[in-house]
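Worksheet for the structure shown next.
Numbering (the working numbering), first residue to last: 3 to 307.
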């Protein structure tokens with residue numbers, strides 16, 4: 003993508019924000035969750051998923067699934083409007099994607115947390131939540147599932163990094179994330195790092211960083227999955243119209259320490275799915291289930307209790 007194309011993208015984004023400010027007067031954005039069985043292959047069909055709405059005084063976003071002993075749990079960003087600071091909570095769902103437990107906080111800090119990426123290594127379950135304000139990537143280790151977690155170590159520091167996503171590929175572990183670096187903005191970027199272990203404290207930046215610089219598809223949007231054709235599919239956000247306006251699935255066609263390439267194989271914007279949705283910017287698959295998020299508008303007066 004050249005400089006002129008990036009300029010046009012940013013102009014479109016600015017125009018979209020101007021329109022949104024007019025349309026959203028006396029309204030507030032609320033993210034909510036979508037969950038259900040993954041029965042239609044790897045391409046999501048969010049219109050058929052079960053919506054899980056948070057209380058009106060907060061939003062729920064960035065959901066990641068995990069299962070244990072036949073039970074399914076969603077870990078997510080829990081963001082009260084009163085504090086404007088997110089933490090990580092969990093709910094249990096049934097096999098149809100319906101919420102069957104109250105939400106419960108599992109990790110809270112004095113700063114904002116979101117994007118609770120989950121991974122297992124040597125029979126230990128870890129969580130890697132976003133903590134961009136701290137300029138580092140930390141992991142937490144689960145000591146009693148699903149509610150008790152302890153800070154384990156720092157993987158990367160010194161970067162304003164968000165939406166960190168791990169992938170094991172060709173005898174390496176890759177950490178792909180969005181990042182503010184120089185003139186590269188978070189919502190348009192994909193940066194890469196690699197190491198020999200997902201819990202390594204030494205990560206090498208990819209030689210071609212930024213791997214992607216595109217407001218329509220750079221920023222990560224959930225776990226990278228492999229479909230039944232062997233394709234590695236990376237979810238990404240389309241932030242051109244507004245933040246998290248739509249989702250893409252990108253097939254990774256090359257990933258080495260010196261090269262990266264991908265191509266879009268699926269894309270949808272929120273308003274194409276449901277005219278009342280403003281955005282959708284995340285998906286995760288796990289053990290035959292899928293979870294996503296979407297955004298709606300609520301009257302401001304309803305969100306202040």
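We treat Cβ as the ideally placed atom computed from N, Cα and C, and that holds for glycine.
Taking just the CA atoms, how far does residue j sit from residue i?
i: residue 228; j: residue 111; result: 33 Å
i: residue 251; j: residue 45; result: 8 Å
i: residue 208; j: residue 61; result: 34 Å
i: residue 14; j: residue 243; result: 6 Å
i: residue 85; j: residue 113; result: 10 Å
i: residue 42; j: residue 274; result: 18 Å
i: residue 292; j: residue 211; result: 30 Å
i: residue 174; j: residue 168; result: 10 Å
i: residue 28; j: residue 22; result: 12 Å
i: residue 144; j: residue 48; result: 30 Å
i: residue 188; j: residue 104; result: 33 Å
i: residue 69; j: residue 206; result: 32 Å
i: residue 260; j: residue 120; result: 27 Å
i: residue 198; j: residue 186; result: 27 Å
Which one of the options has the shortest CA to CA distance from residue i?
i: residue 17; options: 241, 133 and 166; result: 241
i: residue 283; options: 15, 33 and 12; result: 33
i: residue 3; options: 287, 285, 263 and 307; result: 263
i: residue 383; options: 139, 147 and 167; result: Beyond the ends of the chain as shown, which are 3 and 307, falls residue 383; an answer cannot be given.
i: residue 220; options: 171, 190 and 246; result: 190
i: residue 267; options: 153, 249, 88 and 293; result: 249
i: residue 254; options: 49, 231, 272 and 81; result: 231
i: residue 289; options: 109, 98 and 27; result: 98
i: residue 214; options: 168, 180 and 292; result: 180
i: residue 295; options: 50, 121 and 25; result: 50
i: residue 87; options: 151, 303 and 132; result: 132
i: residue 96; options: 119, 109, 72 and 141; result: 72
i: residue 192; options: 151, 237, 204 and 122; result: 237
Taking the Cβ atom as the reference point for each residue, do residue i and residue j lie within a distance shorter than 7 Å?
i: residue 8; j: residue 305; result: no
i: residue 37; j: residue 52; result: yes
i: residue 165; j: residue 222; result: yes
i: residue 269; j: residue 280; result: no
i: residue 90; j: residue 101; result: no
i: residue 106; j: residue 137; result: no
i: residue 79; j: residue 135; result: no
i: residue 176; j: residue 149; result: no
i: residue 286; j: residue 67; result: yes
i: residue 312; j: residue 40; result: Only positions 3 to 307 of the chain appear in the structure, and residue 312 is not among them; the question remains open.
i: residue 65; j: residue 35; result: yes
i: residue 171; j: residue 257; result: yes
i: residue 194; j: residue 178; result: yes
i: residue 118; j: residue 147; result: no
i: residue 247; j: residue 276; result: no
i: residue 157; j: residue 142; result: no
i: residue 11; j: residue 217; result: yes
Would you mind reading off the limits of the alpha helix (DSSP H) that contains residue i?
i: residue 19; result: 5 to 25
Name the two residues that bound the continuous beta strand (DSSP E) containing residue i.
i: residue 132; result: 126 to 132
i: residue 255; result: 248 to 257
i: residue 109; result: 106 to 109
i: residue 275; result: Careful: residue 275 lies outside any beta strand (DSSP E), inside the alpha helix (DSSP H) at 272 to 275.
i: residue 142; result: 138 to 146
i: residue 204; result: Note, residue 204: premise wrong, no beta strand (DSSP E); not H, not E.
i: residue 53; result: 52 to 54
i: residue 97; result: Neither: residue 97 is in no beta strand (DSSP E) and is coded neither H nor E.
Which one or two residues does DSSP pair with residue i in a beta bridge?
i: residue 301; result: 29
i: residue 113; result: Answer by DSSP bridge pairing: none, since residue 113 is not bridged.
i: residue 239; result: 249
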